[in-house]
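J.: Residue numbers (the working numbering): 2 to 90.
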């Protein structure tokens, strides 16, 4: 038998809701990782490192993923400002 159908047949309260929440959090993690990967690649940053770090931490938990995303946005802002100053020097 399939593990999901077995889990749902046991009659665990809130089983379907739990699966939906886990699916949504997983989807948010994957989408955040893909977005960060593409954005970091366009900015000349280490795209694989940032994408896996942000996406993976979202899969571990929402708060670690959110913190990783904030750190990426902070580093991205610094990287962008450094790229603007380089042609002027």
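Beta carbons: idealized from backbone N, C-alpha and C, even for Gly.
Can you give the beta carbon distance from residue 91 to residue 66, rounded, assuming they're within the 8 Å contact cut?
T.: Nothing about residue 91 can be reported from this structure: the residues present for the chain run from 2 to 90 only.
J.: Determine the burial state of residue 70: buried for a count of at least 16 other Cβ atoms within 10 Å of its Cβ, exposed for fewer.
T.: What you label residue 70 is simply residue 69 of the chain shown in a count that begins at 1. Looking at its Cβ environment, which holds 16 or more other Cβ atoms inside 10 Å, residue 70 is buried.
J.: By a C-beta neighbour count over all protein chains shown, 10 Å radius and 16 as the cutoff for buried, is residue 24 buried or exposed?
T.: On the chain shown, residue 24 is found 23 positions in, with the first residue counted as 1. Exposed, because fewer than 16 other Cβ atoms sit within 10 Å of the Cβ of residue 24.
J.: Do residue 31 and residue 51 have their CB atoms nearer than 8 Å?
T.: Your numbering for residue 31 matches position 30 in the chain shown. Your numbering for residue 51 matches position 50 in the chain shown. In this structure, residue 51 does not lie closer than 8 Å to residue 31 by Cβ.
J.: Taking the straight line between their C-alpha atoms, what separation do you get for residue 68 and residue 14?
T.: Residue 68 sits at position 67 when you count from the first residue of the chain shown. Residue 14 sits at position 13 when you count from the first residue of the chain shown. Using only the alpha carbons, I get a separation of about 31 Å.
J.: In angstroms with no decimal places, state the Cα-to-Cα distance between residue 33 and residue 63.
T.: Looking up residue 33 in the chain shown gives position 32. Looking up residue 63 in the chain shown gives position 62. Roughly 11 Å between the two C-alpha positions.
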